[in-house]
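What the sequence shown shows, in UniProt numbering, is residues 2 to 299, in sequence order.
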Amino acid sequence: TFPTSVRLVEVGPRDGLQNEPEAIATATKLELIDRLGAAGLAHIEAASFVSPKWVPQMADHREVMTGLTRRNGIVYSALTPNLKGLEAALECGVEEVAVFGAASEAFSQKNINCSVAESLKRFAPVLERAKAANVRVRGYVSCVLGCPYEGEIAPAKVAEVAKALFDMGCYEVSLGDTIGTGTPLKAKRMLEAVARDIPMDKLAAHFHDTYGQALANLYAVLEEGVAVIDSSVAGLGGCPYAKGASGNVASEDVVYLLDGLGIESGIDLDKLAETGHWITQAIGRPNRSKASVALASR
Ligand code: HMG
Ligand code: MG
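1) With burial defined as no fewer than 16 other Cβ atoms inside 10 Å of the residue's Cβ, what is the status of residue 298: buried or exposed?
2) Can you give me the start and stop residues for the beta strand (DSSP E) that residue 141 sits inside?
3) Would residue 282 be called buried (16 or more neighbouring beta carbons within 10 Å of its own) or exposed?
4) Does the distance from the C-beta atom of residue 264 to that of residue 7 stay below 8 angstroms?
5) To which residues does DSSP link residue 8 through a beta bridge?
6) Let's see if you can read the secondary structure: which residues bound the alpha helix (DSSP H) around residue 161?
7) Out of curiosity, what's the CA-to-CA distance linking residue 182 and residue 279?
8) Tell me residue 77's beta-bridge partners as DSSP assigns them.
9) Can you name the residues that DSSP bridges to residue 178?
10) Are the beta-carbon atoms belonging to residue 69 and residue 34 less than 8 angstroms from one another?
11) If you measure from the CB of residue 263, is any heavy atom of the ligand HMG nearer than 7 angstroms?
12) So, using beta-carbon positions, are residue 293 and residue 13 closer together than 8 angstroms?
13) Looking at residue 181 and the ligand MG, is the gap between the Cβ and the nearest heavy atom below 7 angstroms?
14) If you draw a straight line from the C-alpha of residue 115 to the C-alpha of residue 109, how long is it?
15) State the DSSP-derived secondary structure class of residue 288, mapped to helix, strand or coil.
16) In its own chain, which residues sit with a C-beta less than 6 angstroms from the C-beta of residue 41, not counting the 5 before and 5 after it?
17) Nearest-angstrom Cα distance between residue 31 and residue 79?
18) So, for residue 164: in the same chain, excluding its five sequence neighbours on each side, which residues have a beta-carbon less than 7 angstroms away from its beta-carbon?
19) Please list the segments of the alpha helix (DSSP H) lying wholly inside the region 64-137, counting only runs of 4 or more residues, in order along the chain.
20) Within the same chain, show all residues whose beta-carbon is closer than 6 angstroms to that of residue 63, passing over the 5 residues directly before and after it, in chain order.
21) Look at the alpha carbon of residue 85 and the alpha carbon of residue 261, and state the distance between them as a whole number of angstroms.
22) Rounded to the nearest angstrom, how far is the Cβ of residue 140 from that of residue 174, given a contact under 8 angstroms?
23) My guess is that residue 289 and residue 251 are in contact by the Cβ rule of under 8 angstroms, so how many angstroms apart are they, rounded?
24) For residue 43 versus residue 75, is the C-beta distance shorter than 8 angstroms?
25) Say yes only if the C-beta of residue 50 is nearer than 7 angstroms to one or more non-hydrogen atoms of the ligand HMG, and no if none qualify.
26) So residue 90 packs on residue 66, CB below 8 angstroms; how close in whole Å?
27) Less than 7 angstroms between the CB of residue 16 and some heavy atom of the ligand MG, yes or no?
28) Is residue 207 close to the ligand MG? I mean its beta-carbon at under 7 angstroms from any heavy atom of the ligand.
29) Taking just the CA atoms, how far does residue 61 sit from residue 216?
30) Just to check, is the beta-carbon of residue 244 closer than 7 angstroms to a non-hydrogen atom of the ligand HMG?
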């Protein structure tokens with residue numbers, strides 16, 4: 002059955018911008034975060050404390066994290082792949098971080114330069130340190146519906162990595178269809194495997210829209226009871242270590258879908274759409290939200 006309300010995790014400022022080749026001014030990122038908050042997004046992934054050599058676009062993580070105007074009730078989170086990233090994020094007053102692993106060995110190597118097992122070993126002290134600092138940790142699993150290097154990924158492998166993150170203390174595990182190859186039945190089967198070990202209300206769907214399947218996949222997992230969805234304003238984004246992967250499902254399209262299903266999200270679609278038009282113009286990208294483009298042409 003469908004949930005009555007859904008929490009959106011807006012990943013536009015991070016996943017949406019991390020792959021942009023041209024420098025984006027920190028001020029533009031800060032304005033984006035502020036506009037998203039004004040539109041009702043209560044959870045915004047604002048930055049990524051990763052190596053600037055690996056992801057140059059996120060090099061201003063400190064400036065972003067300390068420069069943002071905090072609104073009441075909004076969680077501003079950041080990616081932290083290791084203790085170095087966590088320590089820097091803590092210095093910036095972060096209240097929530099995320100570690101990111103994968104269900105694919107090859108992707109793990111390309112993305113974070115270590116095996117899946119090594120990554121879990123690296124995350125353990127991150128979780129310990131974060132807990133001591135009263136900072137919540139979210140866990141990502143990438144390649145849950147396919148890998149750019151290995152192809153098919155077994156649901157059992159996804160379940161294994163998700164469980165490891167959850168057992169380690171991640172309060173929520175976000176399931177990433179990094180390259181958007183998934184289809185609804187596949188998404189359901191993967192979710193069923195993961196949900197044997199982790200309660201449904203601790204799971205999130207993080208679907209990229211490369212093959213135009215993200216909304217269909219979301220509908221499938223919503224029906225199973227998933228109530229947390231990661232999305233990116235205007236469908237911005239892609240992963241620098243997954244060639245050809247396009248952006249996340251557009252936040253505007255998700256809100257339109259939820260509104261139609263009578264599922265509460267607390268988001269003002271008009272304000273969100275306005276933000277999508279503003280940011281795509283600011284960085285010279287097409288707006289990949291169909292709902293937003295349609296609303297603008299009424
Ligand atoms: P490494 O080279 O193995 O790390 O990279 P290292 O510990 O050997 O350090 C190498 C250098 O990086 C050193 O600097 C460190 O200080 C520095 P040097 O001495 O050479 O000048 N370094 C750092 N600098 C800043 N912040 C840090 C940090 N750690 C080390 N935290 C590492 C390992 C994990 C750092 C690297 O591989 C990395 O940064 N990877 C990030 C890749 C990434 O951000 N990918 C995109 C996000 S994941 C994603 O998009 C998927 C998701 O959306 C879900 C989905 O869609 O599936 C989440
Ligand atoms: Mg992603």
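Note that beta-carbon positions come from the ideal geometry of N, C-alpha and C, so glycine has one too.
Inspection of the coordinates gives the following:
1) exposed
2) 137-143
3) So residue 282 counts as exposed.
4) In this structure, residue 264 sits near residue 7, with a CB-CB distance shorter than 8 angstroms.
5) 229
6) 156-169
7) 29 angstroms
8) 45
9) 208
10) yes
11) No, the ligand HMG has no heavy atom inside 7 angstroms of this Cβ.
12) no
13) no
14) Approximately 6 angstroms, taken between the alpha carbons.
15) Secondary structure of residue 288 (DSSP, three-state): coil.
16) 267, 268 and 269
17) 14 angstroms
18) 198 and 199
19) Within the region 64-137, the complete alpha helix (DSSP H) runs of at least 4 residues are 84-92, 106-113 and 117-133.
20) 93
21) 43 angstroms
22) 5 angstroms
23) 6 angstroms
24) Yes, the pair counts as a contact, with Cβ atoms nearer than the cut-off.
25) yes
26) 7 angstroms
27) yes
28) At least one heavy atom of the ligand MG lies less than 7 angstroms from the C-beta of residue 207.
29) 32 angstroms
30) False, no ligand heavy atom lies under 7 angstroms from that Cβ.
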